[in-house]
Amino acid sequence: MWRYPAEGTVTSGDVLDVLARDHREIEAMLGLLEEPHERERLAAVLVATLVRHAIAEEEYVYPMVRDQVPDGDRIADRGMSQHAQVEETIQQIAGADPADVTFARLLDALSREVRRHVAHDEAELFPRLRRVCTTSDLMWLGERVARAKTPTLARAASASQDTLIEQVRAALQIREPGEPD
């Protein structure tokens with residue numbers, strides 16, 4: 113049975129290590145989706161994990177890519193497009209009956225989309241960031257990404273958005289060090 117790290121647990125390192133750890137966690141969850149009795153429960157955890165990951169990339173990684181990496185706009189745009197596709201599939205999953213065959217098909221589509229994104233990140237994005245960023249830049253970015261993925265109970269409780277994705281996004285609004293929850 114999959115267990116997500118305890119709330120408030122922030123594991124950082126350089127940004128590429130943080131994102132690669134996310135990728136391994138997500139891939140492990142995708143593998144467990146093949147177990148029908150785990151699908152409904154695990155799908156909710158997977159959605160929250162994917163949204164956390166996307167927010168962190170969009171808030172911190174893609175701006176750095178656009179600014180520092182040659183052809184960074186194209187790379188960031190591709191990542192954003194992949195996020196949009198994943199988010200659309202997540203919205204469809206949220207509206208599907210877990211007992212229906214459509215639910216399983218949507219989870220399979222989500223798995224393919226996520227694996228495509230992971231492959232893009234690790235084959236194209238990561239090596240380019242490693243070439244152009246200093247170790248301290250990668251560490252700073254890793255701290256920001258880890259922090260961006262950490263929800264707070266106050267934000268989660270005050271979320272009044274309609275969809276699960278909007279609720280997770282609200283709960284993960286970026287906060288700077290020393291800023292109250």
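Every letter in the sequence shown is one number past the one before it in the working numbering, and letter 122, counting from 1, is 234.
No residue lacks a Cβ here, since even glycine has one placed at the ideal position from N, Cα and C.
Note that the coordinates shown come from a computational prediction; the quantities given were computed from them, not determined experimentally.
Just so you know, the alpha carbons of V157 and V226 end up roughly 15 Å apart. At a cut-off of 4 residues, the continuous stretches assigned as alpha helix (DSSP H) that sit fully inside the region 147 to 202 are 151 to 168, 174 to 180.
Between L162 and K261, the alpha-carbon positions lie close to 10 Å from each other. Straight-line measurement puts the Cα of G184 at about 19 Å from the Cα of T247. A direct Cα-Cα distance of roughly 8 Å separates R242 from L250. Contact between R190 and H135 fails: their C-beta atoms lie close to 16 Å from each other, not under 8 Å. With respect to the 7 Å criterion, R178 and A188 are classified as neighbours on the basis of their beta carbons. Between L218 and A208, the C-beta spacing is below 7 Å. Straight-line spacing of the CA atoms in L237 and P182 works out to 11 Å. Closest in C-alpha terms to Q197, from the list H229, P148, V173, comes H229.
Counting along the chain, no alpha helix (DSSP H) covers G207, and no H or E run does either.
At the C-beta level, L131 and M141 stay beyond 7 Å of one another. Look at D220 here: in three-state DSSP terms it is helix. Only residues of its own chain outside the window of five on either side were considered, and among them Q180, V181 have a CB closer than 6 Å to the CB of V244, listed in chain order.
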